[in-house]
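To keep things clear, I will list the structure first and then write my remarks on it.
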């Protein structure tokens, strides 16, 4: 369970590594799944925060809250764009495990994307599977 | 094998649950893979049909059939947009299994997205993997 | 490790099949993961090269290098669009294995998408998992 402070990409790499520490699987996969349709997952650059802000602002310009075509508006102007953002990013991610560690690239971080304006409690299910 | 009636998001959650009923895996993953490049998968809100319609119409506005830049047009004006739609949604999805059930969130449904105008017979491969 | 010649979608199906030949897993999953944030994976039509070119050109028109909103520009004008392209395509892919073969559809090929203008050495981790 992750508390998001509001719209944006929030890094959860260390949360995932913490769950991994309780698993016996050394080589295989760590599979993440977010149980929501207005939050999602992505793996992106974790070095320079400007990359994250530009990803967020591109989503806002491309999937507009003020699009007059939205009809699913009962839950507010940020709800339907949140569903579209979730569709074009990831609901599940499979990350290799090698020697008991997440085999991420040098600049990769795991992010939970909150697509609603307000913060929410978001549930991410983590499953470990052994290779071979 | 799923028959789609035409362009749109078609819910297949109960089809997947039916296949799961024949599996011995109680805890692990259910992995879906669609064997096509003009149909795809997504997990989205299954409560209000207006969300689905708005997702579909956003795809239509953002990836236009009348885009003059398309060169891959031999199979009709809906073919190349279908490939782009497939690229920005999902060809594979990994859903956790807990106690023999799909661990979907309260409002999540699994959808087969038909991106061509006409209905097609689409093949989705379902694989079960045990955790640990 | 894959050498990309420059921006575009480069087919890696036979590279993946070659790695599979060294595995004992007959039925299960082949999971690919790219260790970069400006390259990514997709499965697309491998019959007609015009489909690939149109996918590439749609990405270029929709995620523009000359977008005045980019702030993450230190690594050049193709860097931030590369991150967005990676976000809307796939960092991981799960492909079913049946009888020791990749269960791809008739027209499906696996592509490594290079999103930077110049070629790079890109690392794709391949993990095999047995079903059941």
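Residue numbers (this note's numbering), protein chains in the order written: chain A, 3 to 134; chain B, 3 to 134; chain C, 3 to 134. Using N, Cα and C, we set each Cβ at its ideal position, and we do this for glycine too.
Between residue 94/B and residue 105/A, the alpha-carbon positions lie close to 20 Å from each other. For residue 8/A, DSSP records a beta bridge to 120/A. Per DSSP, residue 51/A lies in no beta strand (DSSP E); the unbroken alpha helix (DSSP H) holding it starts and ends at 51 to 64. With distances taken between CA atoms, residue 69/C lies nearest to 63/A out of 28/A, 129/A and 63/A. Rounded to the nearest whole angstrom, the C-alpha separation of residue 28/B and residue 81/C is 44 Å.
In terms of Cβ geometry, residue 47/B and residue 39/A form a close pair [threshold 8 Å]. With contacts defined by Cβ atoms closer than 8 Å, residue 67/B and residue 51/B do not form a contacting pair. Taking the Cα of residue 56/A as reference, the smallest distance to any Cα among 57/C, 35/C, 12/C and 87/C is reached at 87/C.
As a beta-bridge residue in DSSP terms, residue 132/A pairs with 30/A. Separation of residue 97/B and residue 131/B (C-alpha to C-alpha, rounded to the nearest whole angstrom) is 11 Å. Shown here, residue 83/A sits in a helix according to DSSP, grouped into three states. Distance from the CA of residue 22/B to the CA of residue 11/C, rounded to the nearest whole angstrom, comes to 35 Å.
Less than 8 Å divides the Cβ of residue 3/A from the Cβ of residue 123/A. Using a CB distance below 9 Å, the part of the region 90 to 105 of chain B facing chain A consists of 90, 91, 92, 94, 95, 96, 97, 98, 99, 100 and 105, ordered along the chain. By the Cβ-count criterion, residue 6/B is buried, with 16 or more other Cβ atoms from all chains shown falling within 10 Å of its own Cβ. Taking 8 Å as the cut-off, the beta carbon of residue 42/A is found closer than this to the beta carbon of residue 115/A.
In the displayed model, residue 22/C falls within a helix according to three-state DSSP. Annotation for residue 47/C: the continuous beta strand (DSSP E) segment containing it runs 41 to 47. Exclusion of the five residues before and after residue 58/C leaves 9, 10 and 11 as the residues of its chain whose Cβ lies within less than 8 Å of its Cβ. Collapsing the DSSP output to three states places residue 90/A in a helix. Excluding the 5 residues flanking it on each side, residue 128/C has same chain C-beta neighbours closer than 7 Å at 18, 21, 32 and 34, in chain order. In summary, residue 54/B is buried, with 16 or more beta-carbon neighbours lying within 10 Å of its beta-carbon over all protein chains present. Straight across, the Cα-Cα distance linking residue 102/C with residue 37/B is about 17 Å.
Around the beta carbon of residue 100/C, fewer than 16 other beta carbons lie within 10 angstroms, which makes this residue exposed.
Only 44, 45, 46, 47, 50, 52, 53, 55, 56, 57, 59, 60, 63 and 64 from the region 41 to 70 of chain C bring a Cβ to less than 8 Å from some Cβ of chain B. Closer than 8 Å to the CB of residue 128/B there is not a single CB belonging to chain A.
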